[in-house]
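This report refers to the structure that appears directly beneath it.
Protein chains in written order, with our numbering: chain A, 1 to 173; chain B, 1 to 472.
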């Protein structure tokens, strides 16, 4: 009796309690792991999607010339596999600091500067070659348009500056 | 021990089950998902690499030209690469042009290793008429984003960019040769290209050009240069006896064609002396009569030996030496010792080409001319000379000029008796009119005879104006 009294709970109950604890801890660990893996996969997916978009974005300067008034006419063709948006054209003169050839793109004018796959966009850059230089370098920065898309419209491109693709083009004046 | 093992087995089994559940329901799907995503990424990388590789492998050759039929710009496209190329747009920049972009009327795909594709008004919108004096810059872009510039920059109808050189070798003497170049069609449509004859002075670019040439040398080589636009041409070359088969040329750069009409040997008869002798002529230009002074010496005389090699000569003579020799007359066997010829050893000339005539100047001085006059003979001879092609020594062929004789005359002192009619020989005051008259004439008075009407005054005069010549 003393031995029974000292035993407390039965082996069955003890086993049930231990099993419950084990199951609870197991479910907790399972839940944590599942949550972590879900978040990790989301981040990985987003990163991968952005990288793929960056690789699918391919812009080429099909033709460019400077007219008598110093305006550069750029014919840009989307030769890639995703729509792209021109976010900035920097003009690097022979001497001096680079300046904006066209104002940086904001979320509101993304559609105006978006080139669909295979299509052509003519952009005019004013004041190029005004310093008497023999040539300038145009640095065209663009981004895959789908990276800018939000539920209500478009995000500011400069929030995704790390995904910009840069194309440099030497333009004879 | 058995009881203990039984007590631990429930949670161990459950723990193992839970661990397995985590592995199979979370970690393995996560790994599979990541693996798939990674595959997608690598597929995108591969796709981009493929695109870049295709851009590198894409190779178009673009040329700008025009059609002489309508004067409209044409663009010739050749696919030199291993991939098909879709033309996306054409750019034509001309002086004063504001819209260089030209859209295509239809989709144009250039298959690999294709022939020449002609882009004309039926393929491209608003291709301009090529005007004289206007410069055109032509570019063609592909759907892969590459732009190809036509190397004819700028394209100018008055200055075709390429040279077509037609060389006619070993032409025969005295024959007419002709070259005719005509623009033709590449694809059965309009003719493509135009020609301007270089050095013709004309700036017009024509669909046909013809040149005729009369060869004035044996084995003459001549290159005719035409300035041409890129295009297709037919080339016909002929002489009086033979017409070469017509050739079709696709000109996309400088081109040269050679036609050899067959070599004519330097000595066709086998006897070089006879063959060259028929073409070589030596003439002597010497005075027939010269005067020597009272000292018996002539002034320095210039003698020219004219050596002429006819245009029909088969070869040029190198290191030709011509000497001028004196021949003694029979009447005075030592006459030539008094004839000094300069240069004594003759005159050397580097080469005498077919059709070339040279006049070689010798000088001679004659001394010790006898009072009754002398004469001598001159003859020019070729003492050496080697055939340019045969190497034959023509100095052994006895080529000489005809003998030219020259009379040398010497002026002889003589006394003349002059009769002068005067009014009277002298007057009562002793003035001698006859002597005065003779002195005025440079003579001396001999005598004066009074006569009815006019007196006769006789003067003795000395003169050296009467020459005495040696007659050959």
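Heads up, the beta-carbon is just placed ideally off N, CA and C, and yes, glycines get one too.
Predicted model, so just to flag it, every value in this text is computed and none were measured.
Exposure of residue i, with buried meaning 16 or more beta-carbon neighbours within 10 Å
{"i": "residue 439/B", "result": "exposed"}
{"i": "residue 13/A", "result": "exposed"}
{"i": "residue 218/B", "result": "buried"}
{"i": "residue 359/B", "result": "exposed"}
{"i": "residue 1/A", "result": "In this predicted model, residue 1/A has a pLDDT of only 44, less than 50, meaning its place in the structure is not dependable; the value taken from the coordinates is given anyway. Under this definition residue 1/A is an exposed residue."}
{"i": "residue 141/A", "result": "buried"}
{"i": "residue 11/A", "result": "exposed"}
{"i": "residue 437/B", "result": "buried"}
{"i": "residue 147/B", "result": "buried"}
{"i": "residue 98/A", "result": "exposed"}
{"i": "residue 36/B", "result": "exposed"}
{"i": "residue 338/B", "result": "buried"}
{"i": "residue 4/B", "result": "Its pLDDT being 46, under 50, residue 4/B is placed unreliably in this model, and the coordinates cannot settle the point."}
{"i": "residue 113/A", "result": "buried"}
{"i": "residue 74/A", "result": "buried"}
{"i": "residue 83/A", "result": "buried"}
{"i": "residue 6/B", "result": "Low confidence applies here, because residue 6/B scores a pLDDT of 47, under 50, leaving its location unreliable and the question unanswered by this model."}
{"i": "residue 233/B", "result": "buried"}
{"i": "residue 473/B", "result": "Here chain B comprises residues numbered 1 to 472, so residue 473/B is not present and cannot be evaluated."}
{"i": "residue 105/B", "result": "exposed"}
{"i": "residue 122/A", "result": "exposed"}
CB contact below 7 Å: residue i versus chain A
{"i": "residue 77/B", "result": "no"}
{"i": "residue 153/B", "result": "no"}
{"i": "residue 26/B", "result": "yes"}
{"i": "residue 18/B", "result": "yes"}
{"i": "residue 248/B", "result": "no"}
{"i": "residue 96/B", "result": "no"}
{"i": "residue 126/B", "result": "no"}
{"i": "residue 14/B", "result": "yes"}
{"i": "residue 2/B", "result": "Confidence at residue 2/B is low in this model, with a pLDDT of 46, below 50, so its placement is unreliable and the value that follows should be read with caution. By this cut-off, residue 2/B is not an interface position."}
{"i": "residue 145/B", "result": "yes"}
{"i": "residue 56/B", "result": "no"}
{"i": "residue 104/B", "result": "no"}
{"i": "residue 139/B", "result": "yes"}
{"i": "residue 351/B", "result": "no"}
{"i": "residue 73/B", "result": "no"}
{"i": "residue 44/B", "result": "yes"}
{"i": "residue 37/B", "result": "yes"}
{"i": "residue 30/B", "result": "yes"}
{"i": "residue 108/B", "result": "no"}
{"i": "residue 41/B", "result": "yes"}
Nearest-angstrom Cβ-Cβ length linking residue i and residue j, presumed shorter than 8 Å
{"i": "residue 169/B", "j": "residue 258/B", "result": "6 Å"}
{"i": "residue 90/A", "j": "residue 134/A", "result": "Rounded, the Cβ-Cβ distance is 19 Å, inconsistent with contact."}
{"i": "residue 64/B", "j": "residue 123/B", "result": "About 14 Å; that fails the 8 Å criterion."}
{"i": "residue 46/B", "j": "residue 86/B", "result": "Wrong, their Cβ atoms sit about 22 Å apart, outside the cutoff."}
{"i": "residue 159/B", "j": "residue 63/A", "result": "Between residue 63/A and residue 159/B the Cβ distance is about 24 Å, and since that is not below 8 Å, they are no contact."}
{"i": "residue 289/B", "j": "residue 461/B", "result": "Not confirmed; about 26 Å, so no contact."}
{"i": "residue 251/B", "j": "residue 230/B", "result": "6 Å"}
{"i": "residue 29/A", "j": "residue 22/B", "result": "7 Å"}
Short CB-CB distance (under 7 Å) between residue i and chain B
{"i": "residue 123/A", "result": "no"}
{"i": "residue 30/A", "result": "yes"}
{"i": "residue 19/A", "result": "yes"}
{"i": "residue 113/A", "result": "no"}
{"i": "residue 26/A", "result": "yes"}
{"i": "residue 23/A", "result": "yes"}
{"i": "residue 167/A", "result": "no"}
{"i": "residue 52/A", "result": "yes"}
{"i": "residue 146/A", "result": "no"}
{"i": "residue 172/A", "result": "no"}
{"i": "residue 77/A", "result": "yes"}
{"i": "residue 63/A", "result": "yes"}
{"i": "residue 97/A", "result": "no"}
Bridge partner(s) assigned by DSSP for residue i
{"i": "residue 166/A", "result": "141/A"}
{"i": "residue 435/B", "result": "Partner(s): none; residue 435/B has no beta bridge."}
{"i": "residue 493/B", "result": "With chain B covering 1 to 472 only, the question about residue 493/B has no answer from this structure."}
{"i": "residue 78/A", "result": "59/A"}
{"i": "residue 540/B", "result": "Here chain B has residues from 1 to 472 only, and residue 540/B is not among them."}
{"i": "residue 462/B", "result": "415/B"}
{"i": "residue 93/B", "result": "137/B"}
{"i": "residue 249/B", "result": "233/B"}
{"i": "residue 64/A", "result": "74/A"}
Minimum Cβ-Cβ distance from residue i to chain E less than 7 Å
{"i": "residue 148/B", "result": "Within the model displayed, chain E is absent; protein chains A and B are what it includes."}
message: Report the start-end ranges of each beta strand (DSSP E) in the segment 306-378 of chain B that is 3 residues or longer and not cut off at the edges.
response: Correct list: 317-327, 339-342, 347-352, 357-366.
- request: Note down, one range per segment and in chain order, each beta strand (DSSP E) of at least 3 residues found wholly within the segment 269-310 of chain B.
  value: Qualifying beta strand (DSSP E) stretches, in chain order: 280-285, 289-292, 301-309.
task: Tell me the start and end of each unbroken alpha helix (DSSP H) in the segment 14-87 of chain B that is at least 4 residues and wholly inside, in chain order.
output: Unbroken alpha helix (DSSP H) runs of no fewer than 4 residues, entirely contained in the segment 14-87 of chain B, are found at 28-57, following chain order.
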